[in-house]
Amino acid sequence: MKISKDEVEKIAHLARLEIDDSKKEKIAEQLSHILQYIDKLKDVDVKGVKLSSGAAFMNNVLRNDEPEESPGPPVTLANAPQRDEDFYIVPRVVK
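Given below as structure tokens:
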């Protein structure tokens, strides 16, 4: 599968990334190579291969939820790049 420069721009826009025009062609080439490799992996015959690792063998490592007191807006908003009183200001996503 070949990724075009336009598709790189679309992906970058969706991921909210800024990519220099000089790098878009190289990134398109790299993504194309990754997708070609994935296509090759799809053709690998894994019939008869036993599953030896993965999520099926993991134990639940989650802790029980315990209520905690909120530190409050001054602490939670301290590192916000933009805010308005007790609210975060974020870029509009849906138009």
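For the sequence shown, the numbering used here begins at -2 and goes up steadily by one.
From the three backbone atoms N, C-alpha and C, an ideal C-beta is built for every residue, glycine too.
Fair warning: this is a prediction, and the values are worked out from it, not measured in the lab.
For residue 16, no alpha helix (DSSP H) encloses it, and the DSSP letter there is neither H nor E. When rounded, the separation of the alpha-carbon atoms in residue 68 and residue -2 is 49 Å. About 5 Å separates the beta carbons of residue 0 and residue 29, which is inside the 8 Å limit, making them a contact pair. Counting the other Cβ atoms within 10 Å of the Cβ of residue 91 gives fewer than 16, which makes it exposed.
Taking 8 Å as the cut-off, the Cβ atoms of residue 5 and residue 24 count as close. In the DSSP assignment, residue 8 falls within the alpha helix (DSSP H) that extends over 2 to 11. Here the alpha carbon of residue 10 sits roughly 42 Å from the alpha carbon of residue 45.
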